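With the working numbering, letter number 130 in the sequence shown gets 122, and the count goes up by one each step, no holes. C-beta: ideal position from N, C-alpha, C; glycine also. The structure presented is a predicted model; accordingly, all values stated were derived computationally and were not measured.
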Amino acid sequence: VEQVLPHLRPIGTAIVALVVLRFLFGALLSRWHMAQPNEWLLLIKNGALVKSGIGMSCFCPLGAQVVRFPSTMQETTFTASQATKQRAGVSVTGKCYWSIYRPCVEDEDGPFRAFKSLTGLSDGDFTTGNEKVQTLAISTIRDTVSKMNIQEVMTSREALKERVKKDITPIFRGWGMWL
């Protein structure tokens, strides 16, 4: 057959070369990841954050993985019931807004801590984050109200809010969350 069709040999070689190039190009493109403008993208290698950002794109080298999750702000409500110093029962209802902590020069791995702390985040499920916010806010409010009298609770709402925010912000930051 080679002697009968020697002029087709270069064409066959070219076709094989094109198939190989197409395969290599496809393999290379499969390692390129792009996040939507409202999504976090984390590049993780050997269990450490390499790069993170909202709406960014990157090439994922072998041995690394890419994680994407929404960057939207979340809202959760809660109600805390507690007795004051005078044993008067008080019920405090509140609302918290939270998001994933944005990295800064001093602390670049906030989104990675959130990914590790909040189960289901990569699936867009913020249930764990909402539960953490509710639990921490309720316990802080109960502690604060138990040390106040009824008049302080009724007239110092802003002070109560600032105390709760001051107490829980460092904990949230450790989880990669911003309140």
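Thinking C-alpha only, which one of F118, F61, L33 and S63 is nearest S49? Within the sequence shown, residue 49 is the residue found at index 57, counting from 1. The candidate whose alpha carbon is nearest that of S49 is L33.
Which whole-angstrom value describes the C-beta separation of S114 and V42, a residue pair presumed to lie in contact below a C-beta threshold of 8 Å? Translated into positions along the sequence shown, residue 114 becomes position 122. Translated into positions along the sequence shown, residue 42 becomes position 50. S114 to V42, Cβ: 17 Å. No contact.
Can you have a look at S63 and say buried or exposed, based on whether 16 or more other CB atoms are within 10 angstroms of its CB? As a first step, residue 63 is located in the sequence shown; it is residue number 71 there, counting from the start. By the beta-carbon neighbour count (other beta carbons within 10 angstroms, threshold 16), S63 is buried.
Compute the beta-carbon to beta-carbon distance between Y93 and G102, rounded to the nearest angstrom, for a pair I have assumed lies under 8 Å. Along the sequence shown, one-based indexing puts residue 93 at 101. Along the sequence shown, one-based indexing puts residue 102 at 110. Right, their Cβ atoms sit about 3 Å apart.
So, under 8 Å CB-CB, G116 and F61 are touching, yes? Tell me the CB distance rounded to an integer number of Å. Numbered from 1 along the sequence shown, position 124 holds the residue referred to as residue 116. Numbered from 1 along the sequence shown, position 69 holds the residue referred to as residue 61. Right, their Cβ atoms sit about 6 Å apart.
Per DSSP, L34 forms a beta bridge with which residues? As a position in the sequence shown, residue 34 is number 42, starting the count at 1. Residue pairing by DSSP places L34 opposite S44 and V59 in a beta bridge.
Pull up the distance between the alpha-carbon of T68 and that of I7, whole angstroms please. Working through the sequence shown from its first residue, we reach residue 68 at position 76. Working through the sequence shown from its first residue, we reach residue 7 at position 15. When rounded, the distance between both Cα atoms is 59 Å.
Can you say whether W24 is buried or exposed, counting buried as having 16 or more other CB atoms within 10 angstroms of its CB? Taking the first residue of the sequence shown as 1, we reach residue 24 at position 32. Under this definition W24 is an exposed residue.
Out of curiosity, what's the CA-to-CA distance linking T245 and T127? The chain is shown from -7 up to 171; residue 245 falls before or after that span and cannot be answered.
Span of the alpha helix (DSSP H) around V11: By 1-based counting over the sequence shown, the position of residue 11 is 19. Residues R1 to L21.
Secondary structure, alpha helix (DSSP H): runs of 4+ residues fully inside the region 71 to 112: List check, alpha helix (DSSP H) in window: 102 to 109.
Counting Cβ pairs closer than 8 Å, one from the region 65 to 80 and one from the region 138 to 151, do we hit at least three? Three or more beta-carbon pairs drawn from the region 65 to 80 and the region 138 to 151 are found closer than 8 Å, and the two stretches are therefore classed as touching.
Between D159 and the rest of its own chain, which residues show a CB-CB distance below 6 Å, the 5 nearest in sequence each way excluded? As a working note, residue 159 is residue 167 in the sequence shown. Contacts found: T132.
Counted within 10 angstroms of its Cβ, other Cβ atoms place L152 as buried (16 or more) or exposed: If you number the sequence shown from 1, residue 152 lands on position 160. Residue burial annotation: L152 is buried, with at least 16 other C-beta atoms found within 10 angstroms of its C-beta.
Would you report the Cα separation of N30 and S138, rounded to the nearest angstrom? Numbered from its first residue, the sequence shown carries residue 30 at position 38. Numbered from its first residue, the sequence shown carries residue 138 at position 146. If you take the alpha carbons of N30 and S138, they lie about 41 Å apart.
My output table needs one value for F118: the three-state DSSP class, helix, strand or coil. Counting from one through the sequence shown, the residue named residue 118 turns up at place 126. Secondary structure of F118 (DSSP, three-state): coil.
Determine the direct distance from the alpha carbon of M140 to that of G55, and round the result to whole angstroms. Translated into positions along the sequence shown, residue 55 becomes position 63. Translated into positions along the sequence shown, residue 140 becomes position 148. Between G55 and M140, the C-alpha separation is close to 55 Å.
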